[in-house]
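In order, the protein sequences belong to chains A and X. Residue numbers for the first sequence follow my numbering, so the first one is 214 and each next one is one higher. Residue numbers for the second sequence follow my numbering, so the first one is 125 and each next one is one higher. Glycine included, every Cβ here is placed at the ideal spot set by N, Cα and C. One structure is given below, encoded as C-alpha cells.
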Amino acid sequence: MPTKTEKDTLSGTDTTGHEWDGIKELNTPLPTWWVYTFWATILFAIVYCVLYPAVPSLSGHTDGILGYSNRAALAWELDAQAKERSKFVGRIQAASLADIRKDPELFNFSVTGGRSAFQTNCMQCHGAGGAGNPGFPNLADDDWLWGGTIDQIHQTITYGVRNANEKSRQSLMPRFGADGILTAAQLSAVTDYVLSLSRRGAHTVEGAKVFRENCVACHQAGGTGNQELGAPNLADGIWLYGGDRNSIYRSVFAAHAGSMPAWGERLDAATIKMLTIYVHSLGGGK
Amino acid sequence: MDVLVHDDDEIRSVRQRKSGLPLYVTRLKVYPRAVRGRWRTVKWAALACMLAIYYLVPWLRWNRGPGAPSQAILLDLDGRRGWIFDIVIWPQEVYFVTGFLILGAVGLFLATSLFGRVWCGFACPQTVWTDLFMLVERLIEGDRNERMRLDKARMSATKLMRKSAKHAAWLIMAAATGGAWVFYYVDAPSSFVKIFRGEASLEVYSCIGLLTATTYVLAGWAREQVCTYMCPWPRFQAAMFDEQTLIVTYQKWRGELRGKHKAGDSWEGRGDCVDCRLCVAVCPTGIDIRDGQQIECIGCGLCVDACTHTMDKVGRPHGLIRWDTLARQEAREARAPLPAWRAARPRTLLYGLLVSIVAAVMLIAFALRSDTELTVQRDRSPNFVRLSNGDIRNSYVVKILNKSQDARRFRFVTRGLPEAILGTVGDDTEITVHPNAVGMFRVFLTVPGASAPIGSTPITWSVEDDLGRERATHVSIFVGPGR
C-alpha cells in the first residue's frame, strides 16, 4: 500500500496506487446502493440459515427454527385438496350407484373423477377412452364379458378377473388343441362352425357336433355366451383376440385367460364408484 | 433563438462544476400556488365529476333477478362474467374490452388534435389525484410560501404535526381509492362491511394495499415526475398537434420585452409581461410557459388564470397567456385578420372516421350476439366403436352455452347422416340448461353397419329450442371404419 493515496485531479477519485506502463487505475468506490444491497443479502442469508433448514451434517441437516419441511408442506396441500374434494367424495361414498346416476352434480363429478382415475390406472391396458387393445376388452362398446350393468361393472373393477383375490371372477377355457382334447380335424371343424355363427363360414354337421359336445357348456347354444363364466358371445362382431379364422383357431387350440387386478385392494371405495360410473357412461353400459 | 435560462439552472450548473459530476439532475421540488379563475373552476368541476363517477358507480344497483348479482357494473372475476346493466359479457367476448380500449385511444387522439392536452390537464387520473392531494396539502400546510418555509424549517412539534396530518390524510384518501377500485370487482355493499370486519379475501386486501401504495406514491410523492418521465402520452401528443390545435400559448410578440412595471409607467416600447412569475408559481409541473411549448406542460390552463389575474391588476387586456391555435397566433402577431378555427380538417375527420368505424363494428358485433352457443368435441379415442350388432357409433361431448337469464330447453339435431340415431348418456330426452351457464352432455350418434361411411364424413350439429327454431350450429365429422 502506498503511504499517500493519490487523487486523480479530473474526477476527484483516489487511484489504486498501481501503475502499469504509466497507466493508472481509479479506485472508484462501489455505489452506495450496491453496498447496502450486498450487506442486505448477507443479513438475509444469516437469517435464512437460522429460520430454515440450511446446514448439512454428515447424516442430516439443521432443521431451522420455523421447522419448515417440503414434505410437510406437500402433505398439508394434499390434505387441503382432500378436504376440498371431500364435499363431493363424502357424498359419493354414502350414496348408492343408482343415486349417483340420478343426481346430475354427483354424476358429473363422478364422470370427471372417474376419467382421471381411469387415465392413471386403467388406460394402460384398456386404452385411453376405453378403446381396448388386442386381449384387453373395449369398454366403450356394448359387448361385456362379465356383464355391463352398473353393479356388474362395479364387481369386476373391485375384485378383478383371474387374480389371487378370492372374490375375483374366475373361469378357465380348456386348451382343446394344446392338451390334445380334440383332434386337428375337430379343431378345424369347430373353428368353421364358430365362424358360421357370425355368418362368415359354413355350417357343418361335424362342427356342430364338436361344438355341442365341448363348447355349449360355457358358450351356450348358438354361442351367445355366458356372463357368469365370462364366456364371450361368439355370434356377434366383437372379438377380443381377433375374429379371423387363424385367431379363432388359436383361441380354440391354446385358449386364453386374461387377467385384471383387483382394484379394491389398491383404490378407495369412492374412486371405484367413480370409475364404475365413468366406465358405464362410456356408452356401452346397460 | 433566445432561450431564457433559469437563474436556478445557472446556480446549479456552477455548483456541479465545483463538486464533481452528478449522475442525474436532482429533482427540484414544485410548490404550486393556489389560483382562482375560469380554468381552475373547470378543473375543479372535472375533478368533482370524475371522482363522483369513480366512487359512486360501484354502488349503483340493478335488479337482474334472483340468481344474478345486483350491482349495476360488476366485473366478476371469480364467476368469469362482466355485468354491465343488462349486458352480460362472457370471457369469450373479452374482445369487447379491446374494442373499448381502441375506441378510447382514438377518441383521445381526436380530442387532443382538437383541444390540445385536455386529457393531461383535466381528465387524467394522475392529474385528478395529484390535484386532490395538492388541495389537501394546501389546506393542512398552507399555500406556496408557507409550504416552502415549512420545508426549510427545522423539525419542530408543529412541523411534525402538519406533516403527519398531511401524510395520514393522503394515506386515507389512497386507501379509499384502492377500496373503490375493488368495488368494481366484488359486490360493493357486502364487501364494504367485510373489509372493515377483516373478513374479506386476501386478494381484496392485497389489491387495496397495492393501490393505496401506488396512489400514495404517485399522487403524493412522484406527482409531475410521472408526467415528465413515466407517462408515454406526452411523448407522442405533439404528433397529434397541428396549426389548428388549441394549446396554452404565451403570446411572446405581446409580452416581450418583459420587465418590472410601476404604476404610472408607460407601456410604450416594452412588453405586457411584468415578470410577476405567477405563471411559474401556479404551474403544477413547475415550468415556465414563457419558454414556449414544452413536454412538461400538461395544458391545464392555470397559468392562463394567473396571468389574467395579473393583467387585471395592471390594467392590460386579458389573454397574454391564452388558449389559442398556432394559425391564429401567427395572424395576431402579423396584425392580420384572424382565421376562423377549423375544427374539421383531414386529421380530425380521419380520427372521427376511425372512431365511427370502431364504434360501428362494436355495435354490430354486439347486436348480432346470439344468446346460445354450441361447441361439439368428438371423442377421438376410440375414433369409433363397433357395437355387437355391427352398428358404428361415434361419441361427442356437446356443450351448450346458455347466455340468457332464463333456463332453456333444447333438442339436438344432426344433419349429414340420414340413418343416424342420436342418444345421450343418461337417456335424457329433455336437455335443459340453466341460465347463464354451460350445459355439458355426452351424445352418441349410431349408424347401422351397412350404411356407415368409410373414413370421415362431415356432419352438422345444431340445437333447436322448444319452438323448433335453430339456435346454434357447429360443424363436426363422423368417422367410420376404413380409410
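Per DSSP, the unbroken alpha helix (DSSP H) holding Ala295/A starts and ends at 283 to 307. For Met564/X, there is no enclosing alpha helix (DSSP H); the enclosing beta strand (DSSP E) has its first and last residue at 561 to 571.
Those residues of the region 510 to 527 of chain X placed with their C-beta closer than 8 Å to a C-beta in chain A are Arg510, Leu511, Ser512, Asn513, Gly514, Arg517, Ser519, ordered along the chain. Residue state for Ala391/A is assigned as coil, using DSSP reduced to three classes. When 8 Å is used as the limit between beta carbons, Pro506/X is near these residues of chain A: Gly340, Gly342, Gly343, Ala344, Gly345, Asn351, Ala353, in chain order. Note that the C-beta distance between Phe349/A and Gly360/A is not below 9 Å. The C-alpha of Asn427/A is placed about 21 Å away from the C-alpha of Gly471/A. For Gly496/A, at least one C-beta of chain X is nearer than 9 Å to its own C-beta. Per DSSP, the unbroken beta strand (DSSP E) holding Tyr374/X starts and ends at 371 to 374. Taking a 10 Å sphere around the C-beta of Phe307/X, we find 16 or more other C-beta atoms and assign the residue as buried. In the displayed model, Pro215/X falls within a helix according to three-state DSSP. Asp255/X and Lys167/X have their alpha carbons spaced roughly 9 Å apart. What Gly450/A touches in chain X, judged by beta-carbon distance under 7 Å, is Arg510, Ser512, Gly514, going in chain order. Looking from the CA of Val260/A, the closest CA among Asp316/A, Leu279/A, Gly477/A belongs to Leu279/A. Residues of chain A whose Cβ lies closer than 8 Å to the Cβ of Phe568/X are, in chain order, Gly496. At least one CB of chain X lies nearer than 9 Å to the CB of Asn321/A.
Annotation: Gly344/X to Ile445/X spans about 29 Å, alpha carbon to alpha carbon.
Taking C-beta separations shorter than 8 Å and ignoring five residues to either side along the sequence, Ala176/X has no partners in its chain.
Taken through DSSP and simplified to helix, strand or coil, Asn269/X comes out as helix. At least 9 Å separates the CB of Val403/A from every CB of chain X. Counting of Cβ neighbours within 10 angstroms places Asn526/X among the buried residues, the total reaching 16 or more.
Using a Cβ-Cβ cut-off of 9 Å, Asn446/A counts as an interface residue toward chain X, since at least one Cβ of chain X sits closer than that to its own. By the neighbour-count criterion, in which a residue is buried when 16 or more other Cβ atoms sit within 10 angstroms of its Cβ, Gly425/X is buried. Residue contact with chain X for Asp227/A: absent (no Cβ-Cβ distance below 9 Å to any residue of chain X). Counting every other CB atom within 10 Å of its CB across the protein chains shown gives Ala362/X a total below 16, marking it as exposed.
Exposed is the label assigned to Lys237/A, since fewer than 16 other Cβ atoms lie within 10 Å of its Cβ.
Judged by DSSP secondary structure, Pro317/A falls within the alpha helix (DSSP H) whose first and last residues are 317 to 334.
By the rule that beta-carbons nearer than 9 Å mark a contact, Val242/X does not touch chain A. When the five nearest sequence neighbours on each side are left out, the beta carbons in the same chain lying within less than 6 Å of the beta carbon of Gln433/A are those of Asn439, in order along the chain. The beta carbon of Gly573/X sits closer than 9 Å to some beta carbon of chain A. A residue is called buried when at least 16 other Cβ atoms come within 10 angstroms of its Cβ; Thr489/A meets this threshold and is buried. Proximity of chain X to Asp356/A at the Cβ level (cut-off 7 Å) is accounted for by Ser512, in chain order.
The residue among Val328/X, Lys437/X, Ile296/X with its C-alpha nearest the C-alpha of Val310/X is Val328/X. Given a length threshold of 3 residues, each whole run of the beta strand (DSSP E) inside the region 487 to 524 of chain X is given here in chain order: 496 to 502. When secondary structure is reduced to three states using DSSP, Ser580/X falls in the strand class. It is roughly 31 Å from the alpha-carbon of Val492/A to the alpha-carbon of Thr496/X.
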